[in-house]
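Enquirer: Can you read through this structure? Questions will come right after.
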Amino acid sequence: MFALWGILVLGGIFVVVRFTGLIDHILSAGEPPDFTFAPETSVPKARNYFIACPANLSPKTDRSMQSPVFNTAASTLADVMIETAPAHGMTLVSNPTGGEPGRLYFLARTPVFHFPDWVQVELILPEQGEDITFCLFAQSVYGLDDIQQNEKRTRAWIADIVARMGQSG
9 MFALWGILVL GGIFVVVRFT GLIDHILSAG EPPDFTFAPE TSVPKARNYF IACPANLSPK
69 TDRSMQSPVF NTAASTLADV MIETAPAHGM TLVSNPTGGE PGRLYFLART PVFHFPDWVQ
129 VELILPEQGE DITFCLFAQS VYGLDDIQQN EKRTRAWIAD IVARMGQSG
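Add 8 to a position in the sequence shown, counting from 1, and you land on the number used in our numbering.
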(Lines of atoms letter the chains of each structure in order from A and count residues from 1; the text may use other names and numbers.)
(Lines give C-alpha, C1' and ligand atoms only; values in the text may rest on other atoms or scores of the structure.)
Protein backbone atom coordinates (compact mmCIF):
# COMPACT_ATOMS: atom_id res chain seq x y z
CA MET A 1 0.00 0.00 0.00
CA PHE A 2 2.86 2.34 0.88
CA ALA A 3 4.43 1.75 -2.56
CA LEU A 4 1.20 2.68 -4.30
CA TRP A 5 0.96 5.95 -2.35
CA GLY A 6 4.60 6.68 -3.15
CA ILE A 7 4.00 6.18 -6.87
CA LEU A 8 0.89 8.39 -6.76
CA VAL A 9 2.74 11.18 -4.92
CA LEU A 10 5.73 11.04 -7.28
CA GLY A 11 3.40 10.96 -10.28
CA GLY A 12 1.53 13.98 -8.93
CA ILE A 13 4.77 15.89 -8.40
CA PHE A 14 5.87 15.07 -11.96
CA VAL A 15 2.56 16.26 -13.42
CA VAL A 16 2.73 19.55 -11.51
CA VAL A 17 6.38 20.19 -12.39
CA ARG A 18 6.02 19.14 -16.03
CA PHE A 19 2.76 20.82 -16.97
CA THR A 20 3.14 24.12 -15.10
CA GLY A 21 6.32 25.00 -17.01
CA LEU A 22 8.40 24.71 -13.87
CA ILE A 23 10.53 22.01 -15.46
CA ASP A 24 11.70 24.49 -18.12
CA HIS A 25 13.23 26.58 -15.33
CA ILE A 26 14.72 23.58 -13.57
CA LEU A 27 16.30 22.24 -16.79
CA SER A 28 17.97 25.43 -17.98
CA ALA A 29 19.21 25.49 -21.56
CA GLY A 30 22.18 27.73 -20.74
CA GLU A 31 24.09 29.18 -23.68
CA PRO A 32 24.16 27.64 -27.16
CA PRO A 33 27.25 25.58 -27.98
CA ASP A 34 30.12 27.37 -29.69
CA PHE A 35 30.55 25.33 -32.88
CA THR A 36 32.62 26.11 -35.97
CA PHE A 37 31.59 24.61 -39.29
CA ALA A 38 34.83 23.35 -40.87
CA PRO A 39 36.27 19.95 -41.84
CA GLU A 40 39.00 20.21 -39.20
CA THR A 41 36.57 20.96 -36.35
CA SER A 42 36.58 18.27 -33.69
CA VAL A 43 33.13 16.99 -32.78
CA PRO A 44 31.92 16.37 -29.22
CA LYS A 45 32.86 13.05 -27.63
CA ALA A 46 29.29 12.61 -26.37
CA ARG A 47 26.99 11.24 -29.06
CA ASN A 48 24.31 13.84 -28.38
CA TYR A 49 24.52 15.93 -31.55
CA PHE A 50 23.75 15.95 -35.28
CA ILE A 51 25.20 18.03 -38.12
CA ALA A 52 23.78 19.00 -41.53
CA CYS A 53 26.31 20.77 -43.72
CA PRO A 54 27.70 20.89 -47.27
CA ALA A 55 30.43 18.26 -47.72
CA ASN A 56 33.21 20.89 -47.94
CA LEU A 57 32.31 22.36 -44.52
CA SER A 58 31.29 19.25 -42.61
CA PRO A 59 33.48 17.85 -39.84
CA LYS A 60 34.27 14.15 -40.09
CA THR A 61 31.58 12.25 -38.20
CA ASP A 62 29.00 9.54 -38.76
CA ARG A 63 26.35 11.79 -37.17
CA SER A 64 25.83 14.07 -40.14
CA MET A 65 24.08 14.55 -43.45
CA GLN A 66 24.63 16.83 -46.42
CA SER A 67 22.38 19.87 -46.32
CA PRO A 68 20.18 20.58 -49.35
CA VAL A 69 20.72 23.44 -51.77
CA PHE A 70 17.95 25.93 -52.60
CA ASN A 71 17.58 28.46 -55.39
CA THR A 72 16.18 31.31 -53.30
CA ALA A 73 17.12 34.38 -51.31
CA ALA A 74 18.68 33.94 -47.86
CA SER A 75 15.78 35.81 -46.25
CA THR A 76 13.24 33.44 -47.83
CA LEU A 77 15.08 30.35 -46.58
CA ALA A 78 15.39 31.88 -43.11
CA ASP A 79 11.67 32.73 -43.06
CA VAL A 80 10.69 29.18 -44.03
CA MET A 81 13.00 27.75 -41.36
CA ILE A 82 11.45 30.01 -38.73
CA GLU A 83 7.88 29.22 -39.88
CA THR A 84 8.37 25.43 -39.92
CA ALA A 85 10.42 25.11 -36.71
CA PRO A 86 7.47 25.11 -34.24
CA ALA A 87 6.01 22.00 -35.90
CA HIS A 88 9.19 20.22 -34.79
CA GLY A 89 9.16 21.49 -31.22
CA MET A 90 11.61 24.34 -31.81
CA THR A 91 11.34 27.98 -30.78
CA LEU A 92 13.44 30.77 -32.29
CA VAL A 93 15.69 32.40 -29.69
CA SER A 94 16.65 35.98 -30.56
CA ASN A 95 20.15 37.12 -29.55
CA PRO A 96 21.02 34.32 -27.11
CA THR A 97 23.90 34.94 -24.71
CA GLY A 98 27.01 33.55 -26.38
CA GLY A 99 25.37 33.45 -29.81
CA GLU A 100 27.13 34.57 -32.98
CA PRO A 101 25.69 37.30 -35.22
CA GLY A 102 24.24 36.00 -38.46
CA ARG A 103 23.14 32.64 -37.06
CA LEU A 104 19.65 31.44 -36.25
CA TYR A 105 19.26 29.78 -32.84
CA PHE A 106 16.38 27.51 -31.91
CA LEU A 107 15.64 25.86 -28.60
CA ALA A 108 13.96 22.47 -28.80
CA ARG A 109 12.61 20.50 -25.86
CA THR A 110 11.95 16.78 -25.74
CA PRO A 111 8.25 15.88 -25.58
CA VAL A 112 7.96 14.18 -22.18
CA PHE A 113 10.67 15.47 -19.88
CA HIS A 114 11.39 18.75 -21.72
CA PHE A 115 15.18 18.28 -21.87
CA PRO A 116 16.59 21.23 -23.86
CA ASP A 117 18.45 20.88 -27.17
CA TRP A 118 20.11 23.76 -29.03
CA VAL A 119 19.82 23.98 -32.82
CA GLN A 120 21.96 26.56 -34.58
CA VAL A 121 21.86 27.36 -38.28
CA GLU A 122 24.29 29.34 -40.40
CA LEU A 123 23.18 30.20 -43.93
CA ILE A 124 25.91 29.68 -46.52
CA LEU A 125 25.72 32.22 -49.34
CA PRO A 126 27.10 31.21 -52.74
CA GLU A 127 30.29 32.73 -54.10
CA GLN A 128 28.57 32.89 -57.46
CA GLY A 129 25.13 31.99 -58.71
CA GLU A 130 21.94 31.96 -56.68
CA ASP A 131 22.00 28.65 -54.82
CA ILE A 132 22.04 28.85 -51.03
CA THR A 133 22.55 26.17 -48.40
CA PHE A 134 23.18 26.04 -44.67
CA CYS A 135 25.11 24.40 -41.88
CA LEU A 136 23.19 23.13 -38.86
CA PHE A 137 24.42 21.87 -35.50
CA ALA A 138 21.91 20.34 -33.08
CA GLN A 139 23.07 19.25 -29.62
CA SER A 140 21.42 18.09 -26.42
CA VAL A 141 22.26 20.16 -23.35
CA TYR A 142 22.04 17.19 -20.98
CA GLY A 143 23.17 13.59 -21.45
CA LEU A 144 25.87 11.68 -23.26
CA ASP A 145 23.61 10.18 -25.93
CA ASP A 146 20.48 11.67 -27.47
CA ILE A 147 19.18 8.34 -28.82
CA GLN A 148 19.30 9.99 -32.28
CA GLN A 149 16.59 12.51 -31.36
CA ASN A 150 18.53 15.44 -32.86
CA GLU A 151 19.00 13.48 -36.09
CA LYS A 152 15.31 12.53 -36.32
CA ARG A 153 14.18 16.11 -35.65
CA THR A 154 16.71 17.57 -38.10
CA ARG A 155 15.83 15.18 -40.92
CA ALA A 156 12.08 15.75 -40.44
CA TRP A 157 12.54 19.53 -40.32
CA ILE A 158 14.71 19.59 -43.44
CA ALA A 159 12.17 17.38 -45.25
CA ASP A 160 9.46 19.94 -44.41
CA ILE A 161 11.64 22.81 -45.64
CA VAL A 162 12.40 20.97 -48.89
CA ALA A 163 8.70 20.17 -49.35
CA ARG A 164 7.84 23.87 -48.96
CA MET A 165 10.62 25.31 -51.08
CA GLY A 166 11.74 22.63 -53.49
CA GLN A 167 15.41 21.88 -53.91
CA SER A 168 17.95 22.75 -56.57
CA GLY A 169 21.00 20.67 -57.38
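From the three backbone atoms N, C-alpha and C, an ideal C-beta is built for every residue, glycine too.
Since V129 contacts L115 with CB under 8 Å, what's their CB separation in whole angstroms?
Expert: With a Cβ gap of about 13 Å, V129 and L115 do not count as contacting.
Enquirer: Hey, out of S50, S75, T118, whose CA is closest to P67's CA?
Expert: That would be S50, whose Cα lies nearest to the Cα of P67.
Enquirer: If you draw a straight line from the alpha carbon of T162 to that of G106, how long is it in whole angstroms?
Expert: So the alpha carbons of these two residues sit roughly 22 Å apart.
Enquirer: Kindly indicate which three-state DSSP category A116 falls into: helix, strand or coil?
Expert: Three-state result, A116: strand.
Enquirer: Considering only residues of the stretch 138 to 166, which uninterrupted beta strand (DSSP E) runs meet the minimum length of 3 residues and lie entirely inside it, listed in chain order?
Expert: Those beta strand (DSSP E) runs which fall completely within the stretch 138 to 166 and span 3+ residues are 139 to 148.
Enquirer: Let's see if you can read the secondary structure: which residues bound the beta strand (DSSP E) around M89?
Expert: Run containing M89: none in the beta strand (DSSP E); it sits in the alpha helix (DSSP H), 82 to 92.
Enquirer: On the criterion of 16 or more Cβ atoms from any shown chain inside 10 Å, does L144 qualify as buried, or is it exposed?
Expert: Per the 10 Å Cβ criterion, buried.
Enquirer: One question on the structure: do V77 and Q147 come within less than 8 Å of each other, judged by their Cβ atoms?
Expert: No, they are not a contact pair.
Enquirer: Across which residues does DSSP place A60 in a beta bridge pair?
Expert: The partner list for A60 (beta bridge, DSSP) reads M73, L144.
Enquirer: To the nearest angstrom, how far is it from the Cα of E135 to the Cα of T141?
Expert: Roughly 12 Å between the two C-alpha positions.
Enquirer: State the start and end residues of the unbroken beta strand (DSSP E) segment that holds M98.
Expert: 98 to 100 is the span of the beta strand (DSSP E), which, as asked, contains M98.
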